[in-house]
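Colleague:
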Amino acid sequence: MQNSTQTLKRLLFLLLALGASNCALLAQFLTGAPLVKNFPKQVYNAGTQTWDICEGDNGLVFFANNNGLVLFDGKQFSNYPLPKNTILRSIFFEPKTRRIYAGGQNELGYFSFQTNGTLIFTSLSNLLPEGTKGFEDVWGIEFLDGKLFFQTSRQVFSYDGQSISSLKPSDNLLENLYFLTNRLLVSDALGGIFEYKKGVFSPLVQASGLDISSILPYGKNAMLITTYKNGLFVLQNQQISKPAINDFELKLNRIYRACTYGNSYVLASNRNGLYFLDSTGQIRNNIGVQDGLQNNNVLSLYKDKNQNLWLGLDNGIDLVRLNYPFGYVIPDGLLKGTGYCMTEFGENYYSGTNNGLYFRNKNSTSNTDFKLVQNTEGQVWWVQEINGKLFVSHHDGLFEVTGTSAIKLSDIRGCWKIVALKQHPGYFVVGTYNGLNLLKWENNTLALVNKLSPFKESSRFLEEDENGTIWVGHPYKGIYKLRLSSDLSAIQQVTHFGIKEGLPAETENYVFNTSEGLTFCTSKGVYEYRNDLNKFIPSSSFSPYLDSTKVYKRLFNGKSGRVWAISNNEITCLKPAYNGVEYTYTKQVLPKLDQNLVGGFEFLNECSNGSVFMGVEAGFMQLNLNTVSQFVQSKPSVLVTAIQSLNFSDSVYFRYIGTSAEILNVDDRSIEFSFSSTNANFFNDLSFSSYLEGWDKNWSAWKPTTSREFSRLSYGNYTFHIKAKCMGLEGPETILTIHIPAPWYWTKFAKFAYSILCMLLVLLIGFYPQMLVRQKASRIIAEKDDHFKRQTEALRLEKERQEKELIELKNQQLLKEVEHQGKELASSTMHIVQKSEMLLSIKDKLKHISQISNDPKIKPEISELIKNIEKDTIIDKDWGKFELYFNNIHDSYTQSLKDKYPMLTANDIKMCSYLRMNLSTKEIATILNISARGVEISRYRLRKKMNLENGINLTDYLSKI
Numbered sequence: 031m032q033n034s035t036q037t038l039k040r041l042l043f044l045l046l047a048l049g050a051s052n053c054a055l056l057a058q059f060l061t062g063a064p065l066v067k068n069f070p071k072q073v074y075n076a077g078t079q080t081w082d083i084c085e086g087d088n089g090l091v092f093f094a095n096n097n098g099l100v101l102f103d104g105k106q107f108s109n110y111p112l113p114k115n116t117i118l119r120s121i122f123f124e125p126k127t128r129r130i131y132a133g134g135q136n137e138l139g140y141f142s143f144q145t146n147g148t149l150i151f152t153s154l155s156n157l158l159p160e161g162t163k164g165f166e167d168v169w170g171i172e173f174l175d176g177k178l179f180f181q182t183s184r185q186v187f188s189y190d191g192q193s194i195s196s197l198k199p200s201d202n203l204l205e206n207l208y209f210l211t212n213r214l215l216v217s218d219a220l221g222g223i224f225e226y227k228k229g230v231f232s233p234l235v236q237a238s239g240l241d242i243s244s245i246l247p248y249g250k251n252a253m254l255i256t257t258y259k260n261g262l263f264v265l266q267n268q269q270i271s272k273p274a275i276n277d278f279e280l281k282l283n284r285i286y287r288a289c290t291y292g293n294s295y296v297l298a299s300n301r302n303g304l305y306f307l308d309s310t311g312q313i314r315n316n317i318g319v320q321d322g323l324q325n326n327n328v329l330s331l332y333k334d335k336n337q338n339l340w341l342g343l344d345n346g347i348d349l350v351r352l353n354y355p356f357g358y359v360i361p362d363g364l365l366k367g368t369g370y371c372m373t374e375f376g377e378n379y380y381s382g383t384n385n386g387l388y389f390r391n392k393n394s395t396s397n398t399d400f401k402l403v404q405n406t407e408g409q410v411w412w413v414q415e416i417n418g419k420l421f422v423s424h425h426d427g428l429f430e431v432t433g434t435s436a437i438k439l440s441d442i443r444g445c446w447k448i449v450a451l452k453q454h455p456g457y458f459v460v461g462t463y464n465g466l467n468l469l470k471w472e473n474n475t476l477a478l479v480n481k482l483s484p485f486k487e488s489s490r491f492l493e494e495d496e497n498g499t500i501w502v503g504h505p506y507k508g509i510y511k512l513r514l515s516s517d518l519s520a521i522q523q524v525t526h527f528g529i530k531e532g533l534p535a536e537t538e539n540y541v542f543n544t545s546e547g548l549t550f551c552t553s554k555g556v557y558e559y560r561n562d563l564n565k566f567i568p569s570s571s572f573s574p575y576l577d578s579t580k581v582y583k584r585l586f587n588g589k590s591g592r593v594w595a596i597s598n599n600e601i602t603c604l605k606p607a608y609n610g611v612e613y614t615y616t617k618q619v620l621p622k623l624d625q626n627l628v629g630g631f632e633f634l635n636e637c638s639n640g641s642v643f644m645g646v647e648a649g650f651m652q653l654n655l656n657t658v659s660q661f662v663q664s665k666p667s668v669l670v671t672a673i674q675s676l677n678f679s680d681s682v683y684f685r686y687i688g689t690s691a692e693i694l695n696v697d698d699r700s701i702e703f704s705f706s707s708t709n710a711n712f713f714n715d716l717s718f719s720s721y722l723e724g725w726d727k728n729w730s731a732w733k734p735t736t737s738r739e740f741s742r743l744s745y746g747n748y749t750f751h752i753k754a755k756c757m758g759l760e761g762p763e764t765i766l767t768i769h770i771p772a773p774w775y776w777t778k779f780a781k782f783a784y785s786i787l788c789m790l791l792v793l794l795i796g797f798y799p800q801m802l803v804r805q806k807a808s809r810i811i812a813e814k815d816d817h818f819k820r821q822t823e824a825l826r827l828e829k830e831r832q833e834k835e836l837i838e839l840k841n842q843q844l845l846k847e848v849e850h851q852g853k854e855l856a857s858s859t860m861h862i863v864q865k866s867e868m869l870l871s872i873k874d875k876l877k878h879i880s881q882i883s884n885d886p887k888i889k890p891e892i893s894e895l896i897k898n899i900e901k902d903t904i905i906d907k908d909w910g911k912f913e914l915y916f917n918n919i920h921d922s923y924t925q926s927l928k929d930k931y932p933m934l935t936a937n938d939i940k941m942c943s944y945l946r947m948n949l950s951t952k953e954i955a956t957i958l959n960i961s962a963r964g965v966e967i968s969r970y971r972l973r974k975k976m977n978l979e980n981g982i983n984l985t986d987y988l989s990k991i
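For the sequence shown, position 704 matches number 734 in the working numbering, and the numbering has no gaps at all.
1. Leaving out the 5 sequence neighbours to the left and right, which residues in its chain are closer than 6 Å to Thr903 when beta-carbon positions are compared?
2. Suppose you measure from the CA of Ala76 to the CA of Leu343; what does that come to, to the nearest Å?
3. Can you tell me the Cα-Cα spacing of Gly239 and Gly261, whole angstroms?
4. In the DSSP assignment, what residue or residues form a beta bridge with Asp82?
5. Provide the residue(s) that pair with Arg804 in DSSP beta bridges, ordered along the chain.
6. Find the nearest neighbour of Lys401 within the set Gln414, Glu415, Gly382, Cys445, judged by alpha-carbon distance.
7. Do Leu210 and Pro247 have their beta-carbon atoms positioned less than 8 Å apart in this structure?
8. Going by DSSP in three states, Trp729 sits in which element: helix, strand or coil?
9. For Glu172, is the classification buried or exposed, using 16 other Cβ atoms within 10 angstroms of its Cβ as the cut-off for buried?
10. DSSP three-state label for Leu60, please.
11. Please report the residue range of the alpha helix (DSSP H) in which Gln925 lies.
12. Under the three-state reduction of DSSP, which class applies to Cys603: helix, strand or coil?
13. Could you pull out every residue in the same chain whose Cβ sits closer than 7 Å to the Cβ of Thr116, ignoring the five residues on either side in sequence?
14. Since Ser545 contacts Asn497 with CB under 8 Å, what's their CB separation in whole angstroms?
15. Does the separation of the CB atoms of Asn345 and Asn326 fall below 8 Å?
16. Could you check the C-alpha separation between Ile150 and Thr368 for me, to the nearest Å?
17. Straight-line CA distance for Trp599 to Ser244?
18. Would you say Leu331 and Cys371 are within 8 Å of each other, going by their C-beta atoms?
19. Helix, strand or coil for Glu536, going by three-state DSSP, please let me know.
20. What residue range is occupied by the uninterrupted beta strand (DSSP E) comprising Ser989?
21. Spatial neighbours of Trp725 within its chain, please: C-beta separation below 7 Å, excluding the five flanking residues on both sides.
22. Could you check if Lys530 is buried or exposed, using at least 16 other CB atoms within 10 Å of its CB as the buried criterion?
23. Under 8 Å, do Tyr923 and Ser893 count as touching if we go by C-beta distance?
24. With DSSP as the reference, please indicate the residues paired to Asp441 in a beta bridge.
25. Spatial neighbours of Leu518 within its chain, please: CB distance less than 7 Å, with the 5 preceding and 5 following residues excluded, ordered by chain position.
26. Can you grab the Cα-Cα spacing for the pair Tyr615 / Tyr557, in whole Å?
27. Are the CB atoms of Ala595 and Tyr608 nearer to each other than 8 Å?
28. Checking the sheet assignment: what are the DSSP bridge partners for Ala754?
29. Flag this pair as yes or no: are the beta carbons of Ala94 and Asp82 separated by less than 8 Å?
30. Just grab the DSSP bridge partners of Cys371 for me.
31. For Glu612, which of helix, strand or coil comes out of DSSP?
32. My guess is that Ser706 and Asp103 are in contact by the Cβ rule of under 8 Å, so how many angstroms apart are they, rounded?
33. Span of the alpha helix (DSSP H) holding Lys975?
34. Quick check: the Cα distance between Lys877 and Glu838, rounded to an integer number of angstroms?
35. I'd like to confirm something about Ile360: is its beta-carbon nearer than 7 Å to some heavy atom of the ligand NAP, or not?
36. Tell me which same chain residues have a C-beta within less than 7 Å of the C-beta of Gln522, skipping the five on either side of it?
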C-alpha cells in the first residue's frame, strides 16, 4: 500500500497542549504499523534490486542499485551508472572527503561531487595488487582507523588514500563485513568470524557452521548473530550459544540484513518483510506487504539520522517512518476496508469496517493479529459499551458481542447509534435508517420494545438533552426535536428547525453531546439552542475557537475534557483550561489527511493509552501522543538542491548546498533556487518561506512550492534565506550568499569612463553653437578644397592618361622595332648560314675541278680561290650586321659578355652568341667554317675560360647572362 497521506500540521501542540511522555523508540506502534512511503522503480528510474544504502552529511540518501548509484535529495532521484554499467553492490559515504565509495563487479572506486552537483566516478582498480583484479563483486565497505575496507568473496582490500593492499582473512569464501563500535569483523562461508587488528584479520571464532548474515552489539560485552536459516545466536567470550528465545519464524523467513534501533533490533527478511525485536531478541512486531511494503524481500536496510528506515527491496525502495507519531491500523488485512468506528473494551480493541467487526488484544503489535468477530460480517456503523456489555450497530441489525462472536438481538435494519434515556433508566433509543426504536435493558442485555412512531427520518446523529428531549440532526433536512410520550410508546411531538429558527441552512446540520451540553454543527460553524428564544445562535463556548466559515461535521469528546472537531479533512483539538474565572480552550489544528477521512462518516476516538484513532478509507490512522516528544526534537531543515539559470536551461551553477559561508558566483541575473527537505519526517505537507536579502523587503508567504525564481537582479551580492515548516514545526534557516558579477561594460572602471564621457558630452553641448558655426565654415572651406582637389585630381588623371597612351604608343613602336630586328636577325642568320653553305659548296666544286683539270695554269688560280673562300673576311662583314641585330634584341649581350669575361676572343664571342641563339653544332660549324669537332673544342675552351663546373649546361648558362 503506497501511502499518499499528507502528514499533520502544527504537531508541536501535542507535546505542550496534550501532554506527552517519553517511551521506547519502537513502543509507538503498540497498535498500528508505521507509515510506509513507497518508491517504485518507475519513480527512481533505475534497476529493480537495491543492495546497499547510505546517507550523506546533508541528508542526501544514496542507493547501490543494479543500474548504478541512485541519489535522492528529498524531492527527486538521480542516477549515476558505473563506467561499464555493471551492478553496484555496496556503498559508503566518507564525510571528510564527501566521497561515496562504491564497489561493483570487478570495480571499486568513488563518486565525487562536481561544483554543479553531478557525480563523477573515479576508479581505484589501477591500484590493486597484481593478481587480484578479477575479484568479481564488492559486497561490503567499511571505514576504520583512516582506512577503507572493501570486502569481496576472496579477500578484503584496504585503501589508505594512496595505495591498496590485499588481506586474506580465510581460505573460505567470505560472506559479510561488519562494523561494531570501532571493531571490524568479517565472516566466512563456514561460519568463521575474523577481527581486524594491527593490520591483519585474526580468527575470533573458528568455523561454527552457521550461515551468518549480520553481527550486532548485544548487551555490554556480547554480540547478536543473525543467520539466514538458523535463527539467532549470541557470541560472548568467543563462544557461540543459542539464546532462550523463540526464533522459529525467523528461521522460516531467511534473515538477510539487520541493524540496531536504540536498544532494539530490526531484521530484514527475504520472505516476510521486517521484524522488530526488543533488547533481548524477542519478536515485538512484523510489517510486510499487508502493512504497506511493496514486497517482502528486503535486500538492504539503513537507519537514517532521523531514526527512519530505508529499505532496498527486490523490486523498489521503501521508507518506513518509525520516528513518526502516526501509524496504520488495518483490521481486515488485505481487504483494507473503510474504518467507521472503534473502541477499547476490556483487553481488546474493537474496530468496525465495512467488512465486519474485528478485535485484537491491546498489547498486540501486528495488524495480522486482528480477528473477525463471528456473525458480524458486513457493514458495521457503530460499536459502544453499555452496562459492561459491547453492542454493535450494524446494517443487518443490533448485535451483542460475546467473546469472539456476536449474537443478533434484533432484525432492525440499519442501526446507527444507541442513546440511553437518562430520565428513564433502563431504557434506550436506537437510531435507524427510518426513525427510532425503543430498547429496554432486561436479562442483562438489550431487548427491542417497539418502534417509536410517527417519526421516520434517518437518525444517525442522535442525542438526548438534560430535559429528556431527543434531538436528531439530518444532514439534508435540518434539526428535529422529539418529545416522547410518558409511557414511551410513541413520539408525542416532532418539531422541525430550519432557517427561520436561526440555522444558517437546511442542510449540513448535526447534533453532538459535548462537555458544553448539546452542540449543533451547521454549514457556518457551531451553534447552540436557546430554549428561551426557541432559536439557534452561535455557540458561546466554541465559536471563539471554531471557524464560522467551515462546516464541522463531527464533534467528539476526548479524555480530560478535550473536544475534537472535524471539518472536511481538518482535525482541531480543543483542550480545556481554567484561568481562575472560567474555562477556556486552547485550540490546535491537527491533520489534513489528504481526503483519506471517510467523507460523511468521519470518525475519531481518543483512547486511554494515548492513542487517537481516525477512520480512513483503508482502515484507521493512529496518532500516538506518547511519542511526540521524540518527534518534535527534529526540525524540517532545508537543502538547496539547485541554483540554475532561467535563460539557459542547462546552466546549473550549484547543487545540494546547505548553509555555506562561501560566496557563490552566478553568471546570470535571472536565476532559480530549488530546494527540499531531506528529513523524511517532513516529506508531506511541507511549506517554505524565503527571503533574498538585497532584493526582498520581507519573507515570502509560506507555500508548498519547492522553487523560487528571481528575474533581472542587479549586479552584486545577495544573501538567500530559506526555511521550512511542517506541522507547526519551523526549521532553521539555510543561508547562502551569491555574487552576480557585472560584465566588463558595467565595472567600476567602465562606469568611471562613462562619467568622463558624460562630462565631455556636457562640455560639448555648451560649445555646440560655436561648434556648428565652425563646422559650417569648415564645411565650406572643405567643399572648396574638395572642389579644387577634384579638379586637380581630374587634371592629374588626364595627364596620367595621356602619358599612359604615349607610353603605350612608344611600347608598340619599340615592339614593332624589336619584331623587325628579330626578323632581320633571323634573316641575317639564315643568310650567313646559306652563304657559308654556298661557299663550302663552291669550295668543294673548285677542288673537284682542280683535280680533273689538266691545265697547269688553271690549278693555281683555283687554289687561290679556295684560299680566299677559306678566309673569314667575307663572313666578318655579315657578322657585324648580325651582331647589331643580336645586341638590340638581347640587350647588348655581347658587350655584357665581354664585361663579365674580358678574356674571351672575338671567335669566343661569336660562339657564345650562336649558342645563345640555340643553334645546332652543325649550323655553328657551317657558319664558322669549321668542323663539328672544332665546335666541340670551342665549347670546351669556353667552359674552361668561364670556370664552369661539369654539371652546368653551357647553353643554359649563356641564356641567363
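Using N, Cα and C, we set each Cβ at its ideal position, and we do this for glycine too.
Just so we're clear, the structure is a prediction, and the values are computed from it rather than from any experiment.
Modeller: Result, derived from the coordinates:
1. Translated into the one-based positions of the sequence shown, residue 903 becomes position 873. Its pLDDT being 46, under 50, Thr903 is placed unreliably in this model, and the value from its coordinates should be taken loosely. There are no such residues.
2. The residue labelled residue 76 in the question sits at position 46 within the sequence shown. The residue labelled residue 343 in the question sits at position 313 within the sequence shown. Distance between the alpha carbons of Ala76 and Leu343: 13 Å.
3. What you label residue 239 is simply residue 209 of the sequence shown in a count that begins at 1. What you label residue 261 is simply residue 231 of the sequence shown in a count that begins at 1. Their Cα atoms are separated by approximately 13 Å.
4. For this step, residue 82 is matched to residue 52 along the sequence shown. Beta-bridge pairing links Asp82 to Ala94.
5. Within the sequence shown, residue 804 is the residue found at index 774, counting from 1. Looking at the DSSP assignment, Arg804 forms no beta bridge with any residue, so it has no partner.
6. Counted from its first residue, the sequence shown places residue 401 at position 371. Nearest C-alpha to Lys401: Gly382.
7. Here residue 247 refers to the residue found at position 217 when the sequence shown is read from its first residue. Here residue 210 refers to the residue found at position 180 when the sequence shown is read from its first residue. Cβ atoms of Pro247 and Leu210: closer than 8 Å.
8. As a position in the sequence shown, residue 729 is number 699, starting the count at 1. Collapsing the DSSP output to three states places Trp729 in coil.
9. If you number the sequence shown from 1, residue 172 lands on position 142. Counting Cβ neighbours within 10 Å, Glu172 comes out buried, since at least 16 surround it.
10. In the sequence shown, counting from the first residue as 1, residue 60 sits at position 30. Model confidence at Leu60 stands at a pLDDT of 42, short of 50, so the residue's coordinates are unreliable; what they give is reported in the following sentence. The answer is coil: DSSP assigns Leu60 none of H, G, I, E or B.
11. On the sequence shown, residue 925 is found 895 positions in, with the first residue counted as 1. Counting along the chain, the alpha helix (DSSP H) containing Gln925 begins and ends at 923-930.
12. Taking the sequence shown and counting its residues from 1, the one referred to as residue 603 is at position 573. DSSP places Cys603 in strand when its eight states are reduced to three.
13. Your numbering for residue 116 matches position 86 in the sequence shown. The answer, listed in chain order, is Gly134, Gln135, Glu137.
14. Position 515 of the sequence shown, counting from 1, holds the residue named residue 545. Position 467 of the sequence shown, counting from 1, holds the residue named residue 497. About 18 Å; that fails the 8 Å criterion.
15. As a working mapping, residue 345 is identified with position 315 in the sequence shown. As a working mapping, residue 326 is identified with position 296 in the sequence shown. No, the Cβ-Cβ distance between Asn345 and Asn326 is not below 8 Å.
16. Position 120 of the sequence shown, counted from the start, is the residue given in the question as residue 150. Position 338 of the sequence shown, counted from the start, is the residue given in the question as residue 368. Computed Cα separation, rounded: 49 Å.
17. Here the question's residue 599 lines up with position 569 in the sequence shown. Here the question's residue 244 lines up with position 214 in the sequence shown. In the sequence as presented, Trp is not what sits at residue 599; that position holds Asn. Near 44 Å, if we compare the C-alpha coordinates of Ser244 and Asn599.
18. The residue labelled residue 331 in the question sits at position 301 within the sequence shown. The residue labelled residue 371 in the question sits at position 341 within the sequence shown. No. Outside cutoff.
19. Locating residue 536 in the sequence shown gives position 506, where the first residue counts as 1. Note: Glu536 maps to coil in three-state DSSP.
20. On the sequence shown, position 959 is the one that residue 989 refers to. Note, Ser989: premise wrong, no beta strand (DSSP E); alpha helix (DSSP H) at 984-989.
21. As a position in the sequence shown, residue 725 is number 695, starting the count at 1. Result list for Trp725: Phe740, Leu743, Tyr748, in chain order.
22. To locate residue 530, count along the sequence shown from 1; it is residue 500. With fewer than 16 other Cβ atoms within 10 Å, it is exposed.
23. Numbered from 1 along the sequence shown, position 893 holds the residue referred to as residue 923. Numbered from 1 along the sequence shown, position 863 holds the residue referred to as residue 893. Cβ distance not < 8 Å, so Tyr923 and Ser893 don't count as in contact.
24. Position 411 of the sequence shown, counted from the first residue, corresponds to residue 441. Partner(s): none; Asp441 has no beta bridge.
25. Here the question's residue 518 lines up with position 488 in the sequence shown. Taken in chain order, the residues that qualify are His454, Tyr457, Leu468.
26. The residue given as residue 615 occupies position 585 in the sequence shown. The residue given as residue 557 occupies position 527 in the sequence shown. Approximately 16 Å, taken between the alpha carbons.
27. Position 565 of the sequence shown holds residue 595. Position 578 of the sequence shown holds residue 608. At least 8 Å separates the beta-carbon of Ala595 from that of Tyr608.
28. Numbered from its first residue, the sequence shown carries residue 754 at position 724. BP columns for Ala754 point to Phe718.
29. If you number the sequence shown from 1, residue 94 lands on position 64. If you number the sequence shown from 1, residue 82 lands on position 52. In contact: Ala94 and Asp82 (Cβ atoms closer than 8 Å).
30. Your numbering for residue 371 matches position 341 in the sequence shown. Paired residue(s): Gly382.
31. The count along the sequence shown starts at 1 and reaches residue 612 at position 582. Coil.
32. Stepping through the sequence shown from its first residue, residue 706 is reached at position 676. Stepping through the sequence shown from its first residue, residue 103 is reached at position 73. The Cβ separation is near 6 Å, so the contact holds.
33. Residue mapping note: residue 975 aligns to position 945 of the sequence shown, counting from 1. Start and end: 962-975.
34. Numbered from 1 along the sequence shown, position 847 holds the residue referred to as residue 877. Numbered from 1 along the sequence shown, position 808 holds the residue referred to as residue 838. So the alpha carbons of these two residues sit roughly 57 Å apart.
35. Of the ligands one can find in the structure shown there are none, so the ligand NAP has no counterpart to examine.
36. In the sequence shown, counting from the first residue as 1, residue 522 sits at position 492. Scanning its chain for C-beta atoms nearer than 7 Å, with the 5 sequence neighbours on each side dropped, one finds around Gln522 the residues Arg513, Leu514, Ser515, in chain order.
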